[in-house]
Structures are given as structure tokens and as C-alpha cells.
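Q:
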Ligand SMILES: Nc1ncnc2c1ncn2[C@@H]1O[C@H](COP(=O)(O)OP(=O)(O)OP(=O)(O)O)[C@@H](O)[C@H]1O
Ligand SMILES: Nc1ncnc2c1ncn2[C@@H]1O[C@H](COP(=O)(O)OP(=O)(O)OP(=O)(O)O)[C@@H](O)[C@H]1O
Ligand SMILES: Cc1ncc(C[n+]2csc(CCO)c2C)c(N)n1
Ligand SMILES: [Mg+2]
Ligand SMILES: [Mg+2]
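Protein chains in written order, with the numbering used here: chain A, 113 to 373; chain B, 113 to 373; chain C, 144 to 450; chain D, 2 to 307; chain E, 259 to 526.
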């Protein structure tokens, strides 16, 4: 079991200093993610989901406690290019076309020209943006930009995918479609995925593990191991098991809100 | 009846010229919105919802056809400050605090100091951001930024509210809460609301009229007049009537996607 | 082309002001002269006199244009009396200095952005360097460069081997270019430091998730984001470079170029010659700035920055 | 041929005709010298150039050369082609200045950059302070005579051979002006002389080069005095700025000839002593504090004029 | 020496004010020591480059002259010219920003006029405005105008689409958009111009004095003392210029930090 641990957070604290006092974004967070896990993070807005994901990717420095990835520090893992990261906002570079944006990580990681073209085409198709490769970001709708940023993270084969509300700006049908695609990709490649979402059904449908968080200070209130089989179709959402898990998540979420209202 | 028309689009066409050819964002769009309507726009990503909303607010110039607001041109209406607009991305000014951002329209419209403070407090509370007034945008989570931008649009009493996926980055519970708040506000103030969303239940729950759109070129494929009573609680989502309407919307949406896949 | 009419309008307004100014400023002299000669001048006499003085306080535009015409079109461009010849002397120092200066400026900016030690130690001294009056150290610099023999571009012998005779502009080019570079590197440093720091946190974080090397972050993120600042700096930098070249011409030997023309014009009281050189320099500056503007528009359009 | 570099005090003009004539007519070549003439300018200090090794011989005015000597730069006068001074103070008659007694309270334009010493000595002997008050108000005059034309100064410094004529050219008549020649006021100081660094004079080979250089230069000056118009034309040809006019240079050559007249190149000791006395007499603030030693030599001219 | 700097700059102390002053000081002292060593070692004549110790001695013994010159050149000439020039450029930028017609017409012509080189304009401005500080201020005005104008115009165009659209939805008037959006968004650029102009102002005021001046002022002193070969005095004046200029720049940079705290380049 032990060699399968990919991400491990121990007593993680993270405090931001701001102009009017410190903000405790994460407090005493413990979590173990194993290889091949699909972990969803859910919780009220501002509870620290993004901060936690960023800490895993070594984009934030914990104030206390430790976080290890693949047995090394998060920062070493970052330097080994262990992550594909999708930011909450699309964050495309405005001076590059969509194809150029997707190509960016490939250029940096030294892919060949031919490989790049192939990867770009593949992921553009995956997110349903074929034909938009030559457009600039501001010529795309909000949802299209978000899909482009997903494509950018998928273009290279990182073992760990960290996705911060990737499907927030998409309609149900595209979302369902991308959910299926993502599950398929995950099953095929055995990636480890950390996934922030606000949609309870999405979290339940996708995850092997659901982490419920609550704010001020941000902490984990519940960790739900999914009992659903790894191989899932969309129909699974009508099963009692699914509904039960969703219920438990909703309760956790509500409790988190209660604290504070 | 006729004097109640607030927004009227006639044979609206809108084409963007891009580096690789024109994009037909809107084609032959006709729509009438009456005073006090709550109109939702739903459709696949890239179908022109944002563009349509922007055209109503005179932020885009139609290539063809006309759009009138309160009997005048959209641009005149804009200059008469008829709109409150929530953009798809938060778009807060980084040099202003959250409270400062919310104050912005009030300053422009010449509110007094006392009024400003009052309005700011009220809407900060409404979107559950009390205590964050003094923070700068980059110190807030994505969802908090979006709520701040909603607060900014609500801070002054525009007769027409145009909201582009305002609740996209919020979790179910906050979302439900804000949905209720919004309905309450709408019922109390008789505002006319244009609302882009990707959530079918949200569209059905909120709207008196649901506009289903489909892409390439962007056009209206269905307009559904809701038969739900104006006074709604969240429980209404379990009624058959609600489920029927949702079903019709889903069908329309699926048809739109079909065109293209 | 749409800008032709506005430009012409503004130019016309300017000319009107200029003519009025010429009459006003030169009239004192005309009246003075008349008084000493004991005659009364009518208004029209004043106007004709003020617009045709040989040593006007402010020459009339047509006088300057005539002088320009005579010293450009009507002179062989290799003649020492041709403004084109002198313009080229100045331009060559400007361009060489600009290339040095921009190169140095960009390098320093990169160093400052990437190394905290450089940021803290170089920046204050770069600022201090610019507060040193260039006209004061230019002569010292010329003397020193003269002493170590670094005055000609390529050197006389090399140039002769390459071109037969040493092209005139190469003689004494280096000190002028160094001074031009000295003035032009600073705006580039300031603008580029700001520009290279312009990427926002998320854009930088993206690079960090790729564990991008410093070089990759530079080429793919910092440099593209700095482009608007870069071009603005270049525009100021090339104007500064021209000023540097002209200043340097006062301390260089032999005295020539547009700066030399201004100096000797002033020394021999040839107001028209000063103005012709002045306008010549401004035309040069405008052309150079315009060129960079065109480059900027082209680049930014290719980068999809503006519809 | 031996390479030799001469740094002029100012831009190429008839003031330096002798050297250009000698160069163009091959006088230096005949002496087996390969002479390079470096024109000066407002921002070129000949003493600094020679200190930096940029020139072998420089042309400078004696006041500034002696001041440099006091600063620790051992300049030595090896020849003095200019016998008399061309410096004047030129005033507008309508300003009311008629004699030096009228200077008090006036605004006077003066050249600085090492050219101010004769003026300061003069004011010293007149007992006028130069920092406003009951003395005179001094302006640092630019390159040109604008201050007097614009009425910003009552008097400006002029040279007989240049600035004075610019005032005339500008339209003021000679009878609108009052001029005070330093020669006439008894405060004349020696102008354009040839200076080298003292320690190099011990080098026999260099001495020999200087001898040939001075000989050829004086030949040039003689020729220029005899053929003023041709000399002016030679100057014009060597002017890199193309700014000089024939009229002005010919007239300047004529005036210059008056200043070089009477000099065979050898320094006149009486004139030297008078210069030193003037500089030492500068009131409370003399230009030099003690009579210099070894600031001149006749060795070169003696050999050259044999 | 250098390694001290690298160590300090990367040590945990790096944020402290002390280190911020110390690091450039170490660099500067290194420079001065090398200078002193070179001048003495190579026996460079004092009339070419005096050693720092000689300059310091001269500085200390001439404080009264240096002060008078400083007031004449910096306070009267540079500062007033800076304020007028930057103000005028700023207003021009705002003015032509409002009118596309003027923008297309005035910007190229404005660039053109501002590109007139100081060597040419200084004698003319001295002729027009007299010998005292007024003409120096005028030279400074002409010199700082262009950099300030270019930066401000560029800055006023720097707000992004959505930020501008927001203002449009409020039906904001032009002055409101200017005040609440375009100016704040332009601040990073405007401060760029202001910073570059600080050094230009000082240079302009000093250089202008070469073309005629009363007998005080930093430029007057420099040009006069070069002619007199008192290079130590020249460098003492240069030191004053460098100190005053750096302080001037530092003040503007500090204000910038306060005003544009929100810009990514100011957050690290
Ligand atoms: N400024 C622009 N220039 C060029 N094309 C544009 C521009 N803005 C939008 N488009 C194109 O117009 C179409 C409609 O875009 P719009 O933003 O209206 O979509 P949307 O329905 O809001 O989608 P989403 O749900 O993803 O936000 C898209 O194909 C988009 O690429
Ligand atoms: N750079 C920062 N400086 C100061 N405070 C910050 C910063 N980033 C985040 N915070 C604060 O940390 C807390 C957690 O923010 P985080 O972005 O992790 O929330 P989240 O769970 O991702 O919320 P959302 O669902 O709205 O995106 C918030 O209270 C936020 O205000
Ligand atoms: C800055 C400046 N300094 C001196 C002069 C005057 N000047 C011109 S030629 C000459 C004689 C020396 O060759 C002198 C004293 C000036 N016009 N400008
Ligand atoms: Mg978040
Ligand atoms: Mg949209």
C-alpha cells in the first residue's frame, strides 16, 4: 500500500498576510491520496480548495506542516513536471492563439514539431474546439476559453492532474461529455487526479474519494470513499448508492455553511 | 401590452471579423422581453449567449437588424443607465478594494457618501462577503470574486439586470441561497432580468421565459414560457410541472448540440 | 492615411502660430533698427522685414524651408555643406549607439528581474549614471577613448582594406556611439524591468507548474508580456540616442554632423543653419520613432494584441 | 615621417590658418612630419587632451595654460605665433557705457571655460567685484553675441576677428558700439601659443620634431599673412561642418594677420612678463598665486629660426 | 565584495530596509575602491580623472558653492521645468486621448517638436527666456515632454476590454471613465514616464547652462571648472547631481509603489 501514496498532507496550515490581518486559508489539513485516485474537493466558496490544490502543486508555501508528492517535496515534484494544472480562471496567454497556448507546455518540455501538432489536434478535438486553433483567446466565448485551458493541461502526459473547477463555465451536456472523457482518460492512463468542483453529482460521479471542506479556517470536515465501481456510465447517477453518497456530501456541505451563517 | 415591452430584438445578426474569417455569432435573432420578465438564456458553449447579452447592453454593435430597449436604441438606454451588468468573468478593478469596487457605480451615479456606505453594506451581506470589504480582489477566492461582481451590479437600482453566468463558480448551497435572494429581489422590485446560465434547473427555477440557443451560427431554437407561479420556493423543483419544463429545455439543448457533433 | 487631414490641420495651426511668433519676436529688432535709422515703419513693412531678416530671433517657416531645400536637395550629398551628409553622420552614431544601448538595457533588465542582487545593486547606480550630465563627461570620454585609440568604427586600416577608403562616417564614430548608448540604455532598462515583471501571478504559476526553466519563462512569458513596454521604451530610447549623438558631436573631433551644424550655426550667428539642423534632427527623430511605431504595430498585431 | 598631432583651441577657422596652410602646402611634409590637426570646440579643453595623451602639441591661451600649470599639468610654451591679443569687450553705445568707469552696475557677457582669466584680471585691476552687488553682473555668455543683440547684456566679450563682425553683420553699425581692447586697457594677455608637456621636452627626438613643426608652422603663418584670401580658402576646404562662409573667413584672416604680425614665433619675454603680472594682479582673487617657473622655453624657436 | 551582495540579497534579511540600503552601498564602495586604485595605480593625471578621495575633500570644502549651485539648477531650473513639462505632457495626453482627431494630428507633430535636440533648442530658449533659470526650466519642459506624453498615451490605452465595457454599462461620462478607470490603469505607464523624466530634468537643466547662464549653477560650474582643469570640483558637482537625481528618482519610485501597489510588477 505504502508505495502507492502519491500525495500526502500532514497537519498542513496556510495563512495569508493581508492588509487587514492574516487569513487562515488552511488549518490542520491531513490527507493521503494514492496512485490512481480520483479525488474531488468540494466546499463553500472561499474554504481553501484552490489554496490546497496550489499547495499540492507547490504554488503556495505552507506556513506549517508538510506536503509530499511521490515521496518528495511538492516543489521537487513540480520540478520533475509531475503536474498538469487547470486554473480556476482560464489564464490563456493573450498573445498566443489557442493552438499556440496548448503548444506552450509541449515547447517547454521539448516535444518535437510533429508530436506537438499531433497532441494539439488530439486535445482540441477532445474538448470540442476543432477549428478554433487559430483564434486568439479574446475571440472565444468564456466556456471555450475554459475548454482551451483544459486542453492545455491535457496536452502533455503528466501523472498527476490538478483541476480547479475546470467545468464551471460549461453547460450540462458538454459537461457530461467531458466528464465521460475525463473518466475514460483516467481509467486508461491511471493518472492521479485532484479535482475541485461545486457540483455534487459531478463529484460523486467522478471520484473515488470526496473531500468535503469548510471555511474560516479552511479545513477538511469529511472524507468520503466512494463505493461506486471504477467503471461508470452516466446512468449510475440514478442508482441508490449514488444518491446516498450525494446525500452524505450535501450534508457535509450544509454543515460547513452552517458554521458561518 | 405594448407599453410593457422592454427589450425587442428584430432579425438581429452579429458577425465578428477575425484573423481567419468571419464568425457568425448571432443570426436572425428575434425576441421580445416584457417588463418584469425573468429571461434565461441557455445553450451550448459558444452559441452566442454572451454576445446577445452584450448586444442588449449596447456593448456590441449588431451587423444587421435592430435592438430596442425601453423604446429607444440600446445605446441610448445604456447612456440612461438602464442596466446592471454582471460579466462572465469577475473583472474587478485591481486597484480598488472589494468595497471600493462595489462603490464604483455608485460614485459614478452620484450617490451620497452615506447612501454608498449603506448600499455597499447591504449588498456585501447579500452575497455573503461581510468582512471582506477591505480586501483587494487578488486576495479573494474565485467564487468570492464572482460574488463581489454580482454585488457590484446589484448595488445600484437598475431596472434591467443582465447577468452572464453569475453563479457559475458557486457551490450548490450558496447558489440556491442566491437564487432565492435574486427571485425575492426580482419580485419585490419588478426588475427585468436577462440571465445566462448553464444549469437547467436554475433556468427553470428562476425564469418566466427560457430562451434556448444553438451555435454556428448562434440562433434561438426554442422559447419556453414558464407556467410556474411567480411566487416560488425551492421545493417547486420537485413538482411535475418543473420536471416537464426542464425536460423540454434539455431536449432543446441536446438538439442544439446535435447540429454540431 | 486617415491621419493626413488631422496632421495637416495641426501643422497649419502650428505654422500660423509660428508666423505670428516670428513677426512678434523679430519686430523688436526691426523697430530698433528703424529707430536708429530714424524712419517710421508701416505695419506691412514690419511684416515683410520680420519675415526676411538675415539674423532673426525666430526665422519664418519659409526661410527654414528654403535653407533646408538648399542644403539637402541642391547640394551633392557627399558635400560637407549638405545636410544629408551631416544627417548621415549623426544617424550612424545614433543607430550604433541605439543598438549598443538597447542591448545593454535589455541585458541589465533581464539581470535585474532575475537576480535580486543585481536588482538591489545595479538599479540605483543605473539611475545615478543618468543624473551625471553627459555634456560634462563626454569630453573626458572622448579624450580617454582617443588615448586608447578606440575612436574609429572598424579602425582606419580595416576600413580601408574593406572599402578602399575609410567611409567618412566611420571616423570618430565610436565615442559618439558610446555616448548615444549611454543615454539610450536607461529608458530601456526602466521600461523593460517593468515589462518583464508585468505577467500576473497566474501566468507565472502556469510556468511553474510546467517547471519551466528561467529561459523558457523568459522567452515564452516575460518577453511577450513586456512587448508593449519594450516598444514604448525603444521609442524613447532612440530619441535619447539621437540626443546623445548630437551632444557627443560637440566634444568629438572633427566637429560635424547635425550637432556640429547647430554649434557652428550658433557660433557664427547663422540662425537659419541652426533651425535647418534642428528641423533635420527632428525629422530624423520622427522617422526613427515612426519606424519603431510601425514595428510595434506589426509585432503587436501578430501577437493578437489588438483588433 | 614622424607622426605629430596638434589640438586646436577652437573649431576650424582662419584663427588657425597658419597650420592649415602649412599642411596643405606640404610644409610639414617637407620637414618629414605627418601632422594631424584636431579641431577643437566649446567642449574641448586642449590641456585635458594633451594630459590624456590625445595630442602632442596644443594651442592654448597663456592664462589658461598657466592656470593648468598651477593645477599640476606642466605645460610649456614652445612658441608664440600671436604677438598681440584680439580680445575686446564690446558695448552698445545706447547702453551709456563710455569708459571702464561706467561698468559698475552693468551686466557683462563673459566667456568662461578657461577664457575668463583676462576678464577677471581686468576687473580686479579696476577694483570691480564680479559677483553682483556694487560691482558688475557677469553672465556666462554662450557661443554667440545674442546677449548684446537681444539687450540681455550691456557688453559682451568679442574677438577682433570674429564676434565683433557678427555684431556688425547683425546690423549694428560700428558707431553704435563702444569697444574696449584688452591691449589698450593694459591688461592684454598672450593668446594662441603652442604648448607641450614639460617632461617630453627632455626627449631629443621629440624636440627635433617640434623644431621642424614650429619651423613649418611659422612658414605657414608667413604665407597666410602674405596670401590672406588663399589662406582663407584653404581653411574653408578643411572645415568639416561646411558652415564657414568665404566672406567671414577672409575678413577673419585679415584680422588675424594683424595679431600675428610682428611675431617670428619666439615668445616675447616682455609680453610674457606682462601677462604674468596681469594674472597675478587680479585683486583679491588672482588667477595664479605665484609667478610660474619654467613655463616657457626658447629652445625650440631658437633652433627653428636658425 | 560581490559575493557579500549575493549572499545578502538572497539571505532571509533581504527584505529589511538596512539590506536594501546596504547592498547598493557595498556595490558602490566596491566601485569607488576600484576607481581609487586604478587612478593611483595607473597614475592617471588629476586633470583627467581625480581619485574619489580628492573629490570628497573638495566636496567637503566647497559645500557653500555646491549648495548655491544646487538651488539654482535643481530647485529653480529642474524642478519647476519637471512639474510644468510633465504636467503639460499629461494634459496633452489626456486632451488628445479624448479626441481621435487631435490624437492623429497632434501626436506625430508633438513627437516631432519634442524630438528637437537639446543642443539646438537650448541656445534658442536661452535667447528667448533669458540667462536665468527660466530658460533652463523651458529646456527641461521640452525634454521631459516626449517621454511623458508617449507613456501617458500608452497608459491611457492600457485598460482591458472588460474593464471598459463595465464603465459603458454604467453609462459613465468621459471624465468618470477617465478618473475611475483609465487613469488608475495608466498609472504604471505614467510613473514610467515620471521616473525617466526625473533624470532627464536634471540633465536638461545642467546642460542648458552650458549655453549661457548666470555665474552660478551646476552646469555653469562644471563647464567652467573643466576649462580650469579643476576636475575635482567637476566631480563634486557630478556627485551632487547623482545624489540629487537618485533622491528625486527614489521619491518618485516610492510614490509609484504607493499608487500602483496593485500592479503585478509591484507585488512579488
Ligand atoms: N471579440 C470576438 N471576436 C471574434 N469572435 C468572437 C468574439 N467574441 C465572441 N466570438 C465568437 O462568437 C461566438 C459566440 O461567443 P459567445 O461569447 O457569445 O458565446 P457564449 O454563448 O457566451 O458561450 P459560453 O457559454 O462559452 O460563454 C463564439 O464562436 C466566439 O468564438
Ligand atoms: N493571495 C491571497 N492573499 C490573501 N488571501 C488569499 C489569497 N488567496 C486566497 N486567499 C484567501 O484564502 C481563502 C481561501 O481561498 P481559496 O481561493 O483557496 O478558496 P476556494 O475554496 O478556492 O474558493 P472558491 O470556490 O470561491 O474558488 C479565502 O478566504 C481567500 O480570501
Ligand atoms: C563656450 C565658449 N567659449 C569661448 C568662446 C569664445 N571663443 C571663440 S573662439 C575663441 C578664441 C579661442 O580660439 C574664443 C575665446 C565661445 N564663443 N564659446
Ligand atoms: Mg477556488
Ligand atoms: Mg459567454
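Glycine included, C-beta positions come from ideal geometry on N, C-alpha and C.
(1) What does DSSP give as the partner residue(s) for residue 110/D in the beta ladder?
(2) Restricting to Cα atoms, I'd like to know which of 314/B, 276/B, 218/B, 146/B is closest to residue 235/B.
(3) Starting from residue 277/B, find everything on chain A with Cβ-Cβ shorter than 8 Å and list it in chain order.
(4) Determine the direct distance from the alpha carbon of residue 324/B to that of residue 366/B, and round the result to whole angstroms.
(5) Going residue by residue through the segment 234-277 of chain B, where are the continuous alpha helix (DSSP H) segments of at least 4 residues, counting only ones entirely within it?
(6) Taking 7 Å as the cut-off, is the C-beta of residue 256/B nearer than that to any heavy atom in ligand 2?
(7) Compare the beta carbon distance of residue 380/C and residue 254/C with 8 Å and say whether it is the shorter of the two.
(8) Helix, strand or coil for residue 361/A? Go by DSSP, reduced to three states.
(9) Alpha carbon to alpha carbon, how far is residue 365/C from residue 338/A? Give it in angstroms, no decimals.
(10) Which residues bound the alpha helix (DSSP H) around residue 199/A?
(11) Count the other CB atoms, across all protein chains shown, that sit within 10 Å of the CB of residue 29/D; report buried if there are 16 or more and exposed otherwise.
(12) With a threshold of 7 Å on Cβ separation, who are the neighbours of residue 372/B within its own chain once the five nearest residues in sequence on each side are excluded?
(13) Is residue 311/B near ligand 5, judged by its Cβ being under 7 Å from some heavy atom?
(14) Determine which residues of the segment 405-428 of chain C have a Cβ less than 8 Å from any Cβ of chain D, and write them out in chain order.
(15) Looking at residue 253/A and ligand 5, is the gap between the Cβ and the nearest heavy atom below 7 Å?
(16) Secondary structure at residue 113/B, three-state DSSP: helix, strand or coil?
(17) Check whether the Cβ of residue 248/B lies closer than 8 Å to any Cβ atom in chain E.
(18) Applying the 10 Å Cβ sphere with the 16-neighbour rule, what's the burial state of residue 242/B?
(19) Quick one: what does DSSP say residue 148/C is sitting in, helix, strand or coil?
(20) Is it buried or exposed for residue 163/C, if we count other Cβ within 10 angstroms and need 16 for buried?
(21) Does the Cβ of residue 113/A have 16 or more other Cβ atoms within 10 Å, making it buried, or fewer, making it exposed?
(22) Nearest CA to the CA of residue 60/B: which residue from 271/B, 277/B, 310/B?
(23) Taking the beta strand (DSSP E) that residue 326/B belongs to, which residues open and close that run?
(24) Below 7 Å, is the gap between the Cβ of residue 151/B and the nearest heavy atom of ligand 1?
(25) Pick helix, strand or coil for residue 372/A, following the three-state DSSP scheme.
(26) Consider the Cβ of residue 158/A: report whether some Cβ of chain B lies at a distance smaller than 8 Å.
(27) Find the residues of chain B that neighbour residue 259/A, judging by a C-beta separation of less than 8 Å, and give them in chain order.
(28) Using the Cα positions of residue 521/E and residue 250/B, report the straight-line distance between them to the nearest angstrom.
(29) Can you say whether residue 393/E is buried or exposed, counting buried as having 16 or more other CB atoms within 10 angstroms of its CB?
(30) With three or more C-beta pairs closer than 8 Å as the rule, is the segment 171-178 of chain A touching the segment 284-295 of chain B?
(31) Give the straight-line distance between the Cα atoms of residue 326/E and residue 326/C, rounded to the nearest whole angstrom.
(32) Please report how far the alpha carbon of residue 12/D lies from the alpha carbon of residue 227/C, in whole angstroms.
(33) Below 6 Å CB to CB, which residues in the same chain sit around residue 273/B once its five sequence neighbours on both sides are set aside?
(34) With distance defined between alpha-carbon atoms, name the residue in 437/C, 203/C, 350/C nearest to residue 366/E.
(35) Does DSSP put residue 17/D in a helix, a strand or coil?
(36) Can residue 139/A be considered in contact with ligand 2, in the sense that its beta carbon sits closer than 7 Å to one or more heavy atoms?
A: On the basis of the data shown:
(1) Numbered from its first residue, the fourth chain carries residue 110/D at position 109. Residue pairing of residue 110/D in beta bridges, as defined by DSSP: 140/D, 157/D.
(2) Residue mapping note: residue 235/B aligns to position 123 of the second chain, counting from 1. Cα-wise, what sits closest to residue 235/B is 218/B.
(3) Translated into positions along the second chain, residue 277/B becomes position 165. Here the neighbours are 254, 281.
(4) The count along the second chain starts at 1 and reaches residue 366/B at position 254. The count along the second chain starts at 1 and reaches residue 324/B at position 212. For residue 366/B and residue 324/B, the distance between alpha carbons rounds to 10 Å.
(5) 254-266
(6) Start at 1 with the first residue of the second chain, and residue 256/B comes out as number 144. Result yes, Cβ under 7 Å from ligand 2.
(7) Sequence index remark: in the third chain, residue 380/C carries index 237 (1-based). Sequence index remark: in the third chain, residue 254/C carries index 111 (1-based). No; because the gap between Cβ atoms is not below 8 Å, this pair is not in contact.
(8) Position 249 of the first chain, counted from the first residue, corresponds to residue 361/A. Reduced to three states, the DSSP call for residue 361/A is helix.
(9) Position 226 of the first chain, counting from 1, holds the residue named residue 338/A. Position 222 of the third chain, counting from 1, holds the residue named residue 365/C. For residue 338/A and residue 365/C, the distance between alpha carbons rounds to 43 Å.
(10) Residue mapping note: residue 199/A aligns to position 87 of the first chain, counting from 1. Note, residue 199/A: premise wrong, no alpha helix (DSSP H); not H, not E.
(11) If you number the fourth chain from 1, residue 29/D lands on position 28. That one is buried.
(12) Position 260 of the second chain holds residue 372/B. Note that residue 372/B scores a pLDDT of 43, beneath 50, so its modelled location is shaky; the value from the coordinates is reported in the next line. Contacts found: 327, 328.
(13) Walking along the second chain from the start, residue 311/B turns up at place 199. For ligand 5, not one heavy atom lies less than 7 Å from the Cβ of residue 311/B.
(14) 406, 407, 408, 409, 410, 411, 412, 413, 416
(15) Start at 1 with the first residue of the first chain, and residue 253/A comes out as number 141. Indeed, a heavy atom of ligand 5 lies less than 7 Å from the Cβ.
(16) In the second chain, the residue the question calls residue 113/B occupies position 1. Because the pLDDT of residue 113/B is 43, which lies under 50, any placement of that residue in the model is unreliable, and the number read from its coordinates should be weighed accordingly. DSSP places residue 113/B in coil when its eight states are reduced to three.
(17) By one-based count along the second chain, residue 248/B stands at place 136. Taking Cβ atoms only, chain E reaches closer than 8 Å to residue 248/B, which makes this a yes.
(18) To locate residue 242/B, count along the second chain from 1; it is residue 130. Classification of residue 242/B: exposed, given that the 10 Å Cβ count is below 16.
(19) For the purposes of this step, residue 148/C is taken as residue 5 along the third chain, with counting starting at 1. Three-state result, residue 148/C: helix.
(20) Start at 1 with the first residue of the third chain, and residue 163/C comes out as number 20. Exposed, by the Cβ-count rule.
(21) Translated into the one-based positions of the first chain, residue 113/A becomes position 1. Its pLDDT being 43, under 50, residue 113/A is placed unreliably by the model, and the measurement read from it follows with that caveat. Its Cβ having fewer than 16 others within 10 Å, residue 113/A is exposed.
(22) What is shown of chain B runs 113 to 373, which leaves residue 60/B out entirely.
(23) Counted from its first residue, the second chain places residue 326/B at position 214. Start and end: 321-326.
(24) The residue given as residue 151/B occupies position 39 in the second chain. Checking the Cβ of residue 151/B against ligand 1 gives no.
(25) As a first step, residue 372/A must be located in the first chain, where it is residue number 260. For residue 372/A, the pLDDT reaches just 44, beneath the cut-off of 50, and the residue's location in the model is therefore unreliable, leaving the point undetermined.
(26) Against the first chain, residue 158/A aligns to sequence position 46. Yes - at least one Cβ of chain B is within 8 Å of the one on residue 158/A.
(27) Stepping through the first chain from its first residue, residue 259/A is reached at position 147. In chain order: 157.
(28) What you label residue 521/E is simply residue 263 of the fifth chain in a count that begins at 1. What you label residue 250/B is simply residue 138 of the second chain in a count that begins at 1. So the two alpha carbons sit approximately 11 Å from each other.
(29) Taking the first residue of the fifth chain as position 1, residue 393/E is located at position 135. Label assigned to residue 393/E: buried.
(30) no
(31) Taking the fifth chain and counting its residues from 1, the one referred to as residue 326/E is at position 68. Taking the third chain and counting its residues from 1, the one referred to as residue 326/C is at position 183. Roughly 27 Å separates the two Cα atoms.
(32) As a position in the fourth chain, residue 12/D is number 11, starting the count at 1. As a position in the third chain, residue 227/C is number 84, starting the count at 1. Looking at the two C-alpha atoms, the distance is approximately 21 Å.
(33) If you number the second chain from 1, residue 273/B lands on position 161. Taken in chain order, the residues that qualify are 196, 303, 305.
(34) As a first step, residue 366/E is located in the fifth chain; it is residue number 108 there, counting from the start. Of 437/C, 203/C, 350/C, the residue nearest in Cα terms is 437/C.
(35) In the fourth chain, residue 17/D corresponds to position 16, counting from 1. Here residue 17/D sits in helix by DSSP.
(36) As a position in the first chain, residue 139/A is number 27, starting the count at 1. No, the Cβ of residue 139/A stays beyond 7 Å of every heavy atom of ligand 2.
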